[in-house]
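Colleague:
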């Protein structure tokens, strides 16, 4: 049955500096911009806190890693192992494997490979890779993304890491493009389904269509200015998960105002119902 998971993005104002990656066109390379944030809990401490709160897995954004030195990565792996929390996915939040500039595209693929190496060291089950920034109608970009995923899948597989993508950014923002990428890969890449990234008029049908492929669900809710969720709308999306055969993590995504833990707990109260087998069978 589905189980509770969290993304570090839900704690983006709690985990210390955000190390954003961006492409510097002048230098033709990836650069890092640091956004200062308070560190009220460390990434090494987080798995233990999640275990205390009855979560079972965590997804970590690449910009939340304070270090990629081997010593730190082994410490992080140990934290997951000792806490009993699964490192479900390393979310690489940068990269355009469909970019028409071959130098940029190949450089980004090599950048992502380095994060696949990190995932292998820390014991992450998978790495989420963005399909691309191009308009979803750009067929050339879609073909480039397919070839990029093939390269990355071939690189990751011997390391025991699964490459997944998500309906995130423009190119994979439609169910049609998600399906084309998945069908081309013939099972070599997986999919994360995010509630928040489809156009509203296509949202529910898209979620329903893609749930049979989902290896992770990013359960993102709609909020008011005080950070309170639209429970009716949220449950409509969650019902599509509950009515499927999905048995993976339901990863809570809160990026609203106010105290982040309070926001997480508000959506957790709703999602927990869908992680209870007895309730789920009644949906």
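In this note's numbering, the protein residues as written are 5 to 287. A virtual CB, placed ideally from N, CA and C, is assigned to each residue, including glycine. None of the values given here were measured: they were computed from a predicted structure.
1. Can you check DSSP and say which residues form a bridge with residue 253?
2. Quick one: is residue 181 buried, meaning 16 or more other Cβ sit within 10 Å of its Cβ, or exposed?
3. Grouping DSSP H, G and I as helix and E and B as strand, with all else coil, what is residue 94?
4. Near residue 264, which residues of its chain fall below 7 Å by C-beta distance, leaving aside the five closest residues on each side in sequence?
5. With distances taken Cα to Cα, identify the nearest neighbour of residue 216 among 233, 225, 187.
6. What are the residues that DSSP puts in a beta bridge with residue 193?
7. Could you please give the first and the last residue of the uninterrupted alpha helix (DSSP H) stretch that includes residue 106?
8. Please list the segments of the beta strand (DSSP E) lying wholly inside the segment 205-267, counting only runs of 3 or more residues, in order along the chain.
9. Can residue 94 and residue 122 be called in contact, C-beta distance under 8 Å?
10. Within a Cβ cutoff of 7 Å, which residues of the same chain sit near residue 97, ignoring the five residues on either side of it in sequence?
11. Are the beta-carbon atoms of residue 279 and residue 8 separated by less than 8 Å?
12. Quick one: Cα of residue 85 to Cα of residue 47, how far?
13. Under a three-way DSSP split, which group does residue 177 fall into?
14. Could you check where the beta strand (DSSP E) with residue 17 kicks off and where it finishes?
15. Would you tell me roughly how many angstroms separate the C-alpha atoms of residue 104 and residue 169, rounded to the nearest one?
16. I'd like the list of long-range same chain contacts for residue 201, defined as Cβ closer than 7 Å, with 5 residues on each side in sequence excluded.
17. On the criterion of 16 or more Cβ atoms from any shown chain inside 10 Å, does residue 143 qualify as buried, or is it exposed?
18. Give every residue of the same chain whose Cβ lies closer than 8 Å to the Cβ of residue 174, excluding the five residues on either side of it in the sequence, and list them in chain order.
Modeller: Straight from the coordinates:
1. On the chain shown, position 249 is the one that residue 253 refers to. BP columns for residue 253 point to 7.
2. The residue you call residue 181 lines up with position 177 of the chain shown. Residue 181 is buried by the Cβ-count criterion.
3. Stepping through the chain shown from its first residue, residue 94 is reached at position 90. Reduced to three states, the DSSP call for residue 94 is strand.
4. Position 260 of the chain shown holds residue 264. Same-chain partners within the cutoff: 14, 15, 17, 18, 258.
5. On the chain shown, position 212 is the one that residue 216 refers to. Among 233, 225, 187, the Cα nearest to that of residue 216 belongs to 187.
6. Looking up residue 193 in the chain shown gives position 189. By DSSP's assignment, residue 193 forms a beta bridge with 167.
7. For the purposes of this step, residue 106 is identified with residue 102 of the chain shown, where counting begins at 1. Segment 106-126, the alpha helix (DSSP H) holding residue 106.
8. 218-224, 253-257
9. If you number the chain shown from 1, residue 94 lands on position 90. If you number the chain shown from 1, residue 122 lands on position 118. Yes.
10. Along the chain shown, read from residue 1 onward, the residue named residue 97 stands at position 93. So the list reads 65, 66, 67, once near-sequence residues are dropped.
11. By 1-based counting over the chain shown, the position of residue 279 is 275. By 1-based counting over the chain shown, the position of residue 8 is 4. Going by C-beta atoms, residue 279 is nearer than 8 Å to residue 8.
12. Along the chain shown, one-based indexing puts residue 85 at 81. Along the chain shown, one-based indexing puts residue 47 at 43. Going by the C-alpha atoms only, they are around 14 Å apart.
13. Counting from 1 along the chain shown, the entry for residue 177 is found at position 173. Three-state result, residue 177: coil.
14. Within the chain shown, numbered from 1, the residue matching residue 17 stands at position 13. Segment: none, residue 17 is in no beta strand (DSSP E) and carries neither H nor E.
15. In the chain shown, counting from the first residue as 1, residue 104 sits at position 100. In the chain shown, counting from the first residue as 1, residue 169 sits at position 165. Their backbone Cα atoms lie some 19 Å apart in a straight line.
16. Against the chain shown, residue 201 aligns to sequence position 197. Same-chain partners within the cutoff: 171, 172, 177.
17. Position 139 of the chain shown, counting from 1, holds the residue named residue 143. The residue in question, residue 143, is exposed, as its Cβ has fewer than 16 Cβ neighbours within 10 Å.
18. Taking the first residue of the chain shown as 1, we reach residue 174 at position 170. Within the same chain, residue 174 has close Cβ partners 136, 137, 138, 139, 140.
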